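This report refers to the structure that appears directly beneath it.
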Amino acid sequence: MSCCKDLALPRYRKDPHIAKTIWGAALLLSFCAAGTVLSHLVVATNAPLVEATLATWDRALGFDWMVFCVWST
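Final position of the sequence shown in our numbering is 76; the numbers increase by one with none missing.
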(Lines of atoms letter the chains of each structure in order from A and count residues from 1; the text may use other names and numbers.)
(Lines give C-alpha, C1' and ligand atoms only; values in the text may rest on other atoms or scores of the structure.)
Protein backbone atom coordinates (compact mmCIF):
# COMPACT_ATOMS: atom_id res chain seq x y z
CA MET A 1 0.00 0.00 0.00
CA SER A 2 2.74 2.43 0.86
CA CYS A 3 4.52 1.74 -2.44
CA CYS A 4 1.46 2.97 -4.35
CA LYS A 5 1.33 6.01 -2.14
CA ASP A 6 5.06 6.65 -2.50
CA LEU A 7 4.94 6.33 -6.28
CA ALA A 8 1.89 8.47 -6.97
CA LEU A 9 1.49 10.81 -4.02
CA PRO A 10 4.59 13.01 -4.48
CA ARG A 11 3.39 14.04 -7.93
CA TYR A 12 -0.14 14.91 -6.79
CA ARG A 13 0.35 15.84 -3.14
CA LYS A 14 -0.62 19.46 -3.75
CA ASP A 15 -4.17 18.44 -4.63
CA PRO A 16 -5.78 17.01 -1.47
CA HIS A 17 -8.67 15.41 -3.37
CA ILE A 18 -6.37 13.40 -5.61
CA ALA A 19 -4.16 12.48 -2.66
CA LYS A 20 -7.18 11.18 -0.73
CA THR A 21 -8.38 9.25 -3.77
CA ILE A 22 -4.98 7.61 -4.22
CA TRP A 23 -4.89 6.72 -0.52
CA GLY A 24 -8.41 5.25 -0.71
CA ALA A 25 -7.54 3.22 -3.80
CA ALA A 26 -4.46 1.84 -2.04
CA LEU A 27 -6.58 0.87 0.97
CA LEU A 28 -9.16 -0.79 -1.27
CA LEU A 29 -6.51 -2.79 -3.12
CA SER A 30 -4.86 -3.95 0.09
CA PHE A 31 -8.25 -4.91 1.58
CA CYS A 32 -9.11 -6.93 -1.54
CA ALA A 33 -5.78 -8.74 -1.41
CA ALA A 34 -6.17 -9.57 2.29
CA GLY A 35 -9.79 -10.61 1.78
CA THR A 36 -8.82 -12.97 -1.02
CA VAL A 37 -6.17 -14.66 1.10
CA LEU A 38 -8.50 -15.00 4.10
CA SER A 39 -11.31 -16.33 1.91
CA HIS A 40 -9.06 -19.05 0.51
CA LEU A 41 -7.85 -19.95 4.01
CA VAL A 42 -11.41 -20.31 5.28
CA VAL A 43 -12.39 -22.53 2.36
CA ALA A 44 -9.30 -24.68 2.90
CA THR A 45 -10.32 -25.49 6.50
CA ASN A 46 -13.26 -27.59 5.24
CA ALA A 47 -15.38 -26.37 8.16
CA PRO A 48 -19.06 -27.34 8.29
CA LEU A 49 -21.46 -24.95 6.59
CA VAL A 50 -23.63 -22.65 8.69
CA GLU A 51 -26.64 -22.30 6.38
CA ALA A 52 -28.87 -24.48 8.56
CA THR A 53 -28.06 -22.40 11.64
CA LEU A 54 -28.70 -19.14 9.80
CA ALA A 55 -32.01 -20.45 8.41
CA THR A 56 -33.06 -21.41 11.94
CA TRP A 57 -32.25 -17.91 13.18
CA ASP A 58 -34.23 -16.39 10.29
CA ARG A 59 -37.26 -18.52 11.14
CA ALA A 60 -36.94 -17.59 14.83
CA LEU A 61 -37.00 -13.91 13.85
CA GLY A 62 -39.96 -14.47 11.54
CA PHE A 63 -37.99 -13.54 8.42
CA ASP A 64 -39.04 -15.20 5.16
CA TRP A 65 -36.50 -14.87 2.35
CA MET A 66 -38.97 -15.70 -0.40
CA VAL A 67 -41.35 -12.93 0.71
CA PHE A 68 -38.40 -10.54 0.93
CA CYS A 69 -37.25 -11.44 -2.60
CA VAL A 70 -40.73 -10.88 -4.02
CA TRP A 71 -41.05 -7.60 -2.13
CA SER A 72 -37.64 -6.31 -3.26
CA THR A 73 -38.28 -6.98 -6.96
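The beta-carbon is built from N, C-alpha and C at its ideal position, and this holds for glycine as well. All values reported here derive from a predicted model rather than from experimental measurement.
Cβ neighbour criterion (16 or more within 10 Å) applied to residue i
i, result
"Ala-55", "exposed"
"Ala-37", "exposed"
"Ala-63", "exposed"
"Ala-1", "Nothing can be reported for residue 1: it is not among the residues displayed for the chain, which extend from 4 to 76."
Span separating the alpha-carbon of residue i from that of residue j
i, j, result
"Val-70", "Val-53", "22 angstroms"
"Val-40", "Pro-51", "19 angstroms"
"Ser-75", "Asp-67", "12 angstroms"
"Ala-58", "Cys-72", "15 angstroms"
"Leu-44", "Gly-27", "26 angstroms"
"Pro-19", "Asp-61", "45 angstroms"
Same chain, Cβ closer than 6 angstroms to residue i, neighbours up to 5 away in sequence not counted
i, result
"Leu-31", "none"
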